[in-house]
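In what follows, a structure is listed as structure tokens, so that the remarks can point back to it.
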Amino acid sequence: MKRRIILFIRTLFLLSLIQCGGADIMTVKDPVTPEGYFFSGPLPEKTAYLTFDDGPAAWTERFLDVLQKEKVKATFFVSAYWNIREHKGNLKFMKYRRALIRMIEEGHIIGNHTADHKTLTRLSDNEIREQFSKNQLLLNDAMGEKAPVMTILRPPMGLPWYSKSPDGNKTRIEKQLRETGLIVLWTGKFDSSDSWEWVKGEWHRPCDRIDESASEFIRKTQRIYRRIVSGADGRGIIILMHDTHNTTLKILPAVIKGLKNRGYRFDTLEGYFIWRYGKKSSELTGKNNS
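Using my numbering, the letters of the sequence shown map in sequence onto residues 268 to 557.
What follows is the structure, given as structure tokens:
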């Protein structure tokens, strides 16, 4: 009897919350995670968010060509020193400056993926903040006035959230990044798997190693397609891909077509924040990103 009374009281409490403004219940902040996205959460139906990590790279402009042809907008999480042997200077952003400028001019969003692509749990609080601030400064240096303030963040490899790391690690890192931006990972089963390995015929830049007819190359593109399109059941999805892999570039038009055939539309992660909170990420973080 006592248990029934407690359940009845809890039900009345929840009903009172809904009557007083139920829309706010969906946006209550988890104490461990900021108002970003961590593998699950509300998304608009039949909306796909294409995200590309680790660039810009030698293939990036070809990715942009595909997106432009398909009239699709995406989000690119850039990293100044991914795959750069000497982590100094600004070689990568300067080398691919045209790709970065195209991202902005063609309506895509640039997100912050750290300067050095290091595992954040191994860094001090100051080093964590510096990874994102340094990446921003290098982007500013390369793009000048065209550089956006990167208020959407993605930690390398999704860590510590993409692991069994203690909540204390997540809380510590979230606290350091709270004033920098909002963390967005990807929908649980929609890691395209393109970064799991390098197969025969695949490389991060055009060279003699490229062979799109290699059986391993073909099998990988088919796997990428299945992981993205076959699992799309009408629910909104944030998809993890990498513009450093030519396997992804090869299969991207088919992925877009497959999702469109299932009734999906495409948007950027900035569109996600506007949909969920009615504000841009810059407004949610208090940053000027006009």
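C-beta atoms are modelled at their ideal positions from N, C-alpha and C, and glycine is treated no differently.
These numbers come from a predicted model, not from an experiment.
- In terms of Cα proximity to Tyr316, the closest of Asp332, Glu372, Val345 and Ile376 is Ile376.
- Of all C-beta pairs linking the region 367–381 to the region 427–435, fewer than three are shorter than 8 Å, placing the two stretches out of contact.
- Residues of the same chain with a CB within less than 6 Å of the CB of Phe306, apart from the 5 flanking positions on each side, are Leu452 and Gly455 in chain order.
- Going by beta carbons, Met370 and Phe343 fall inside the 7 Å limit.
- Here Glu464 is exposed: its Cβ has fewer than 16 other Cβ atoms, across all protein chains shown, within 10 Å.
- Judged by DSSP in its simplified three-state form, Tyr539 adopts helix.
- When C-alpha distances from Ala347 are compared across Gly374, Ser400, Leu405 and Gly545, the shortest belongs to Leu405.
- Distance from Arg364 to Glu328 at the Cβ level is roughly 11 Å; contact not present, criterion being Cβ atoms closer than 8 Å.
- Burial of Asn513 is indicated by the presence of at least 16 other C-beta atoms within 10 angstroms of its C-beta.
- With respect to the 7 Å criterion, Leu536 and Phe330 are not classified as neighbours on the basis of their beta carbons.
- For a cut-off of 8 Å, the C-beta gap from Val496 to Leu526 is around 6 Å, short enough to register as a contact.
- For Glu441 and Thr488, the gap between their C-alpha atoms comes out near 35 Å.
- For Val333, the closest C-alpha among the options Ala481, Lys547, Asp510 and Gly545 is that of Asp510.
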